[in-house]
Amino acid sequence: KCLTYKLPPPFFLPYHNLYFSFSYKYPINPPLKCVLLLLPLSLQLFNSTMVALSNPTIEQFFVKTCKPVNPLTFPPSIPLIDLSKPESKHLLVKACQDFGFFKVVNHGVPTKFINKLESEAIKFFSSPLSVKQKAGPPSPFGYGSKNIGKNGDVGWVEYLLLNPNPESDYHQLLSIFEEHPDDFQCVVDDYVAEVKKMACEILELMADELKLEPKNVLSKLLMDEQSDSVFRVNYYPPCPELQEHEINGRNLIGFGEHTDPQIISVLRSNNTSGLEISLRDGSWVSVPPDSDSFFINVGDSLQVMTNGRFKSIKHRVVANSKESRVSMIYFGGPPLNQTIAPLPSLLQTDEDSLYKEFTWFEYKTYAFNSALSHDRLGVFEKIPSKI
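full-length UniProt numbering numbers the first residue of the sequence shown as 1 and each following residue consecutively.
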């Protein structure tokens with residue numbers, strides 16, 4: 001019964017994990033899926049490793065250029081919100097409801113922390129491959145290149161995936177810095193502390209506008225000692241191969257289309273373009289870079305907690321043939337045992353939850369065992385969307 005379930009089986013957590021691991025990686029009939037699930041764990045892990053370690057060719061990075069933007073549906077500009085203004089809380093909520101994505105200025109993050117982290121990141125990614133590989137592969141934290149996750153997704157990207165918890169140990173990464181290895185940890189800690197503070201301020205402004213009590217009902221999840229947050233530094237190197245191949249209306253993908261599963265994401269990049277967001281009509285638009293500002297994404301968890309009022313938006317990065325792009329992203333997540341469900345005070349009289357109740361651990365397990373572009377929230381809806 002578990003193996004033939006069309007939705008995640010409501011039995012035992014181990015069955016959840018097996019289902020998540022194989023139901024979308026192997027789009028096959030239930031009997032064959034049953035055979036795969038009966039394989040020894042070592043063979044299951046071997047298969048996942050083979051998917052992750054495959055060596056992609058340049059052709060695997062190409063995606064079709066999206067359809068032109070409909071001028072009737074494209075907003076005049078990405079919402080720009082000045083956090084120092086009293087009207088910011090209203091504008092934040094409106095941007096989350098209408099768009100799921102916005103830019104903030106007067107954010108309070110010191111420029112010196114931003115510049116120092118970017119400098120250290122460029123220094124790291126400019127190192128010889130043999131040096132960078134000492135910090136990898138990501139398991140789950142560390143250095144990775146081209147392979148994103150273990151489900152066959154690839155991108156023209158190198159990255160560092162870090163645990164932003166101040167108590168975490170960067171020993172795997174620190175070993176590659178021959179001079180002043182502690183500097184890297186200090187730079188990351190300083191930057192993450194400021195960005196986390198800003199993310200909490202944004203969540204509290206939203207809560208205030210929505211009349212939620214207490215005001216820290218969302219931000220406390222990020223401030224919790226057990227918060228399952230992640231910090232990522234992406235480096236998209238120039239791709240001269242673009243000029244050697246027939247493009248034929250295609251883009252070279254840096255990071256494939258996806259939504260962020262956490263509560264909130266805070267992105268900062270250098271002044272190289274590449275970020276694109278998907279509008280509700282399915283068209284994609286380029287986000288003009290701004291190294292002095294931060295871009296905020298509503299995460300899937302926040303969409304659920306607002307019962308769909310806030311929208312998590314699909315986004316991706318396309319590669320550049322001449323210039324490198326560096327981006328730093330803080331993903332604010334709740335503790336693993338946190339129940340993800342609509343906040344009761346946001347539900348109107350007789351309004352039902354659009355989603356089944358689940359924990360962050362359950363959703364994270366499912367999300368990271370599915371392809372980037374997969375509709376992750378679909379199977380958690382009470383009336384599942386088509387996958």
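We put the CB at the ideal spot given by N, CA and C, even for glycine. The model shown is predicted, which means the values in this text are computed figures rather than measured ones.
Beta-carbon gap between residue i and residue j smaller than 7 Å
| i | j | result |
| --- | --- | --- |
| Ile81 | Phe101 | no |
| Asp153 | Leu302 | no |
| Thr259 | Ser327 | no |
| Asn320 | Leu354 | no |
| Tyr159 | Asn251 | no |
| Gly155 | Gly254 | yes |
| Ser278 | Lys322 | no |
| Val285 | Leu275 | no |
| Gln97 | Arg309 | yes |
| Lys85 | Glu209 | no |
| Ile329 | Ser227 | no |
| Val188 | Tyr236 | no |
| Arg268 | Leu161 | no |
| Lys356 | Phe380 | yes |
The beta strand (DSSP E) enclosing residue i, as first and last residue numbers
| i | result |
| --- | --- |
| Asn337 | Unbroken run through Asn337: none, as it is neither H nor E. |
| Phe231 | 230-236 |
| Phe331 | 325-332 |
| Leu80 | 80-82 |
| Phe368 | Phe368 -> no beta strand (DSSP E), and no H or E assigned at all. |
| Thr153 | The amino acid at residue 153 is misidentified as Thr; the sequence shows Asp. Run containing Asp153: 153-162, per the beta strand (DSSP E) assignment. |
| Ser269 | 264-269 |
| Val298 | 294-298 |
| residue 465 | Beyond the ends of the chain as shown, which are 1 and 387, falls residue 465; an answer cannot be given. |
First and last residue of the uninterrupted alpha helix (DSSP H) at residue i
| i | result |
| --- | --- |
| Phe310 | Neither: Phe310 is in no alpha helix (DSSP H) and is coded neither H nor E. |
| Phe184 | 182-209 |
| Cys93 | Before going further, note that residue 93 is Val rather than Cys in the sequence given. From DSSP, the alpha helix (DSSP H) with Val93 extends over 88-98. |
Span separating the alpha-carbon of residue i from that of residue j
| i | j | result |
| --- | --- | --- |
| Val105 | Phe331 | 19 Å |
| Pro137 | Val131 | 12 Å |
| Ala193 | Phe295 | 17 Å |
| Leu218 | Pro240 | 44 Å |
| Arg376 | Asn163 | 23 Å |
| Ser293 | Leu336 | 30 Å |
| Pro238 | Val318 | 11 Å |
| Ser229 | Tyr191 | 14 Å |
| Asn151 | Gln262 | 19 Å |
| Lys382 | Met305 | 14 Å |
| Leu347 | Ala135 | 46 Å |
| Gly282 | Cys200 | 31 Å |
| Asn147 | Met198 | 31 Å |
| Ile122 | Cys186 | 16 Å |
| Lys196 | Thr111 | 15 Å |
| Pro344 | Leu129 | 50 Å |
| Asn271 | Glu120 | 17 Å |
| Asp290 | Phe113 | 16 Å |
| Glu118 | Ser370 | 31 Å |
| Val93 | Pro334 | 20 Å |
| Ala95 | Gln133 | 40 Å |
| Arg325 | Phe125 | 11 Å |
| Ile202 | Lys211 | 14 Å |
| Asn165 | Phe184 | 14 Å |
| residue 415 | Tyr143 | Residue 415 lies beyond the stretch modelled for the chain, which goes from 1 to 387, so this question has no answer here. |
| Met223 | Asp300 | 19 Å |
| Ala207 | Lys220 | 12 Å |
| Asn115 | Glu225 | 28 Å |
| Ala367 | His374 | 8 Å |
| Asn297 | Ser127 | 31 Å |
| Asp352 | Gly256 | 33 Å |
| Leu83 | Leu91 | 10 Å |
Under the three-state DSSP convention, the category residue i falls into
| i | result |
| --- | --- |
| Asn147 | strand |
| Gly108 | coil |
| Ser345 | helix |
| Glu351 | coil |
| Lys103 | strand |
| Glu276 | strand |
| Glu118 | helix |
| Leu252 | strand |
| Glu381 | strand |
| Val317 | strand |
| residue 415 | No answer is possible for residue 415: it lies beyond the span of the chain, which begins at 1 and ends at 387. |
| Ser139 | coil |
### Task
Kindly confirm or deny that the region 334-343 and the region 351-367 touch, where touching means at least three C-beta pairs closer than 8 Å.
yes
### Query
If we count Cβ pairs, one from each stretch, closer than 8 Å, do we get three or more for the region 202-216 versus the region 133-151?
no
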